[in-house]
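One structure is given here, and the rest of the page talks about it.
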Amino acid sequence: MLVMIRNMESPARNRIGDRSTSDVVVRLRTQDGRDDWFYCHSHVLVEKSNYFADRLSENWPTCQILDSRNCVEVYCQELDVDHHVNFLRLLYLIDGPSDDIGYGVMNALGILQVAVKLGCPQIITACVNYLEAVPWEEAEEEEILRIIPGMGSLAGPILARLQPVSPSAIRRIFLRAIRFATSSPPLPLNDLKTSAQEQLEYMLTEDDDAPLLTADHEIKSEVKCEYFNHIYQICHGHVRF
Numbered sequence: 013m014l015v016m017i018r019n020m021e022s023p024a025r026n027r028i029g030d031r032s033t034s035d036v037v038v039r040l041r042t043q044d045g046r047d048d049w050f051y052c053h054s055h056v057l058v059e060k061s062n063y064f065a066d067r068l069s070e071n072w073p074t075c076q077i078l079d080s081r082n083c084v085e086v087y088c089q090e091l092d093v094d095h096h097v098n099f100l101r102l103l104y105l106i107d108g109p110s111d112d113i114g115y116g117v118m119n120a121l122g123i124l125q126v127a128v129k130l131g132c133p134q135i136i137t138a139c140v141n142y143l144e145a146v147p148w149e150e151a152e153e154e155e156i157l158r159i160i161p162g163m164g165s166l167a168g169p170i171l172a173r174l175q176p177v178s179p180s181a182i183r184r185i186f187l188r189a190i191r192f193a194t195s196s197p198p199l200p201l202n203d204l205k206t207s208a209q210e211q212l213e214y215m216l217t218e219d220d221d222a223p224l225l226t227a228d229h230e231i232k233s234e235v236k237c238e239y240f241n242h243i244y245q246i247c248h249g250h251v252r253f
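Per the numbering used here, the sequence shown runs over residues 13 to 253.
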């Protein structure tokens, strides 16, 4: 079954699902017999994923040919299919380190697991930054505690939020949150941007206790930098309202 994915990329770029320009088919398969085809581009897959780089190299002579294209199979559980689909989409959307994952905590956790499995440092970094910055519900925190510790050193920045308050950890979380709060996600994801803004308000003013951090020179400098970057994006028409 061919899965068509709505385009979010620039028209000048290769697009996932573009059969006319693709040179590789990714088959997402499950034990229940599901077999979804995604028309992709080898240069995108090889550049960003160690798994695909290995499967499409000369060191993997058993690579299948399907529909006159190389074919790479990826097996997963039925519950993880959507996470794998979102992972493939992000390979085309992320050009560098980014906090703009914008899928929600549970989905970001799922995408993170796929990124670790398929070896994609850029998406791993984006997911970790996102999970570190946004608020967690109680159920989400429980899922994080179930999944993240098994990821070793990758879990450090995320698990730091569950440890006794550390000034350096609080500062890092604040900076991640402000970057996401001033980002420009697609319109359907604006609620997540609002959540990051609420996280900032909580860290600075919540309750009658002292705020979690105070604005020193570094914090003020970072806020000023993000502010001017946001203004620049508005002036150049990159911000969505």
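Note that beta-carbon positions come from the ideal geometry of N, C-alpha and C, so glycine has one too. None of the values given here were measured: they were computed from a predicted structure.
Cβ atoms of residue 65 and residue 56: under 7 Å apart, would you say? no
Does DSSP put residue 37 in a helix, in a strand, or in coil? strand
Rounded straight-line distance, which links the Cα of residue 88 to that of residue 111: Because residue 111 carries a pLDDT of 47, less than 50, the predicted location of this residue cannot be relied on, and the following value inherits that uncertainty. Cα to Cα, the separation comes out at about 26 Å.
Examine the Cβ distances between the region 138-145 and the region 179-195 and report whether three or more of them are shorter than 8 Å. yes
Can you tell me whether residue 71 is helix, strand or coil according to DSSP? coil
For residue 28, does the count of other Cβ atoms within 10 angstroms reach 16, so buried, or fall short, so exposed? buried
Nearest-angstrom beta carbon gap, residue 51 and residue 30 [assumed within contact, 8 Å]: 6 Å
Determine the closest residue to residue 135 out of 147, 146, 121 and 148, with distance taken between C-alpha atoms. 121
Quick check: is the beta carbon of residue 195 nearer than 7 Å to any beta carbon in chain D? No chain D appears in this structure, which consists of one protein chain only.
Tell me the DSSP secondary structure of residue 88 in three-state form. coil
Starting from the Cα of residue 83, find the closest Cα among 106, 53 and 103 and give me that residue. 53
Determine the direct distance from the alpha carbon of residue 47 to that of residue 237, and round the result to whole angstroms. 47 Å
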